[in-house]
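Participant:
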Amino acid sequence: MKNIILTGDRPTGKLHLGHYVGSLKRRVELQNSGKYDKIYIEIADSQAITDNAHNLDKVRENVIEVALDYLACGIDPNKTTIFVQSQIPELCELTFYYLNLVTLSRLERNPTIKEEIKLRNFETSIPAGFLTYPISQAADITLFDANIIPVGDDQLPMIEQTREIVRSFNNLYDNVLVEPKELLPDNEVCSRLPGLDGKAKMSKSLNNCIYLSDEPEVIEKKIMSMFTDPNHLKVEDPGKVEGNPVFIYLDAFCTNEHFKKYLPEYNNLDELKAHYQRGGLGDVKIKRFLNNIIQEELKPIRERRKEYEKNIKEVYKILEEGSLKAREAASIKMKEVKNVMGLNYFEDTTLIEEQVKKYSNN
Ligand code: TRP
199 MKNIILTGDR
209 PTGKLHLGHY
219 VGSLKRRVEL
229 QNSGKYDKIY
239 IEIADSQAIT
249 DNAHNLDKVR
259 ENVIEVALDY
269 LACGIDPNKT
279 TIFVQSQIPE
289 LCELTFYYLN
299 LVTLSRLERN
309 PTIKEEIKLR
319 NFETSIPAGF
329 LTYPISQAAD
339 ITLFDANIIP
349 VGDDQLPMIE
359 QTREIVRSFN
369 NLYDNVLVEP
379 KELLPDNEVC
389 SRLPGLDGKA
399 KMSKSLNNCI
409 YLSDEPEVIE
419 KKIMSMFTDP
429 NHLKVEDPGK
439 VEGNPVFIYL
449 DAFCTNEHFK
459 KYLPEYNNLD
469 ELKAHYQRGG
479 LGDVKIKRFL
489 NNIIQEELKP
499 IRERRKEYEK
509 NIKEVYKILE
519 EGSLKAREAA
529 SIKMKEVKNV
539 MGLNYFEDTT
549 LIEEQVKKYS
559 NN
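Just add 198 to the spot in the sequence shown (first one is 1) and you have our numbering.
#1: Can you look up D235 in the DSSP assignment and give me helix, strand or coil?
#2: What residues does the ligand TRP have around it, judged by CB closer than 7 Å to any heavy atom, in chain order?
#3: Could you please give the first and the last residue of the uninterrupted beta strand (DSSP E) stretch that includes T279?
#4: How far does the alpha helix (DSSP H) with D207 in it reach, from first residue to last?
#5: Quick one: using the 10 Å Cβ neighbour count with 16 as the cut-off for buried, is P275 buried or exposed?
#6: Count the other CB atoms within 10 Å of the CB of F367; is the residue buried (16 or more) or exposed (fewer)?
#7: Verify whether the separation of the beta carbon atoms of V257 and N250 is less than 8 Å.
#8: Taking just the CA atoms, how far does N298 sit from R307?
#9: State the CB to CB distance for the pair H214 and L410, rounded to an integer number of angstroms; the pair is presumed to be in contact (CB under 8 Å).
#10: Go through its chain and collect everything with a Cβ distance to T577's Cβ below 7 Å, but skip five positions before and after it.
#11: Opposite Y409 in the DSSP bridges: which residues?
#12: Using only alpha-carbon positions, find the residue among L266, E321, G327 and K312 that is nearest to C290.
#13: State yes or no: is the C-beta of V387 within less than 8 Å of the C-beta of A450?
#14: Starting from K483, follow its DSSP beta bridges and name the residues at the other end.
#15: How about A246 and T205: do their beta carbons lie closer than 8 Å?
#16: Which residue wins for smallest C-alpha separation from S221, given the options K485, K316 and I273?
#17: Whole angstroms are fine: how far does the CA of K515 sit from the CA of Y506?
#18: What does the alpha-carbon distance come out to for the pair P325 and T248?
#19: Closer than 6 Å by C-beta to H430: which residues in its own chain qualify, once you throw out the five before and the five after it? Chain order, please.
#20: CB P443 to CB L522, shorter than 8 Å?
#21: Is it right to say F544 is buried, meaning 16 or more other beta carbons lie within 10 angstroms of its own, or is it exposed?
#22: Curious, which full-length alpha helix (DSSP H) runs of at least 4 residues does the stretch 504-545 contain?
#23: Among all the DSSP beta bridges, which residues are the ones paired with P348?
#24: Please classify E501: is it buried, with 16 or more other beta-carbons within 10 angstroms of its beta-carbon, or exposed?
#25: Using 8 Å for Cβ pairs, my map puts P383 next to R224. What's the rounded Cβ distance?
#26: Any idea what DSSP makes of I324, helix, strand or coil?
#27: Quick one: residues in its chain with C-beta nearer than 7 Å to the C-beta of S389, no 5 flanking neighbours on either side, listed in chain order?
#28: For E263, which residues in the same chain have their Cβ closer than 6 Å to its Cβ, ignoring the five residues on either side in sequence?
#29: By Cβ distance, which residues of its chain are closer than 6 Å to M539, with the 5 residues on each side in sequence left out?
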């Protein structure tokens, strides 16, 4: 069996540190491991429209932002096919058939959708396209025979829904769809990086993100004003590291090398945490340390982004070529799917002969 990776993002804003530790960094490692037969990354603009139908400009403008962030992080279009969802009409076609394999009540049970409905105040009137986007996501995955889906844990219900569709389809028609499996970040803390304010998630609407394209001064300002332990008022006070976003970020980013370089009086994070818990360690010191680490991580990304920003036409060309390549694979798979569903009237000579025979006695 081939190992095919597919993942994607909705283009509704620039990508931030949460996207980076949760998935982008990993994608680049997977890409460079050379272990996979194919890698697809989808800019899911059609999915973004399911809750932005009245704000298409936002989606349209962010396609390029997301592409720039990918390239900046080291996604290499020679190794990874980056494509734009709306440019692959077969995805709509496949979604239309999958819609019949899923019930409304099954869709309404999806925990991620439930949470998103609340967040968007959709309770009284849910757009049908929004409720059914997990089905369209199943099409994204299966149209490319992807079996490995690197995602954060909020996407688990989508992968589960996809597996269910694959099983029903394969049972009903023929065994042509591949069951996907999620690939979660190996570091638990990377799965969901909290916001700068300590809220559960970095989110553009909460204004609690560090963006990959932020300038160094902006990053520093954001880190120095991060939420910490609200009871750690004086340096001597014992502090809490659990739920303290500064320490959660350190869990996600810091290595022993960073201590040697920026904070040599400690050997590792455990020692730093112990000191904080005991009391006598101020927030400013740990924030400065975190700032050094994040600056080091984001500098090459920001610089590469600036290079691509000088060549916007070329970036659109990369997306166009990736979409063409994806479309080729998609149309081959769509044909296979339609064949097993019997939607191949003009090529199925047996069908035609049967019908001829049936009417030949009249
Ligand atoms: N729903 C994903 C998100 O919001 C984006 C996405 C669209 C995706 N299609 C996908 C992720 C296919 C993995 C596989 O982040």
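From the three backbone atoms N, C-alpha and C, an ideal C-beta is built for every residue, glycine too.
Facilitator: Straight from the coordinates:
#1: coil
#2: L204, T205, G206, D207, R208, E240, A242, Q245, Q335, D338, I339, I347, V349, Q353 and M356
#3: T279 to V282
#4: Run containing D207: none in the alpha helix (DSSP H); it sits in the beta strand (DSSP E), I202 to D207.
#5: buried
#6: buried
#7: yes
#8: 17 Å
#9: 7 Å
#10: Only positions 199 to 560 of the chain appear in this structure, which leaves residue 577 out of reach.
#11: H214
#12: G327
#13: yes
#14: K483 is not bridged to any residue.
#15: no
#16: I273
#17: 12 Å
#18: 7 Å
#19: G437
#20: no
#21: exposed
#22: 510-539
#23: L381
#24: exposed
#25: 6 Å
#26: coil
#27: G220, G350, D351, L382 and P383
#28: K212
#29: Y371
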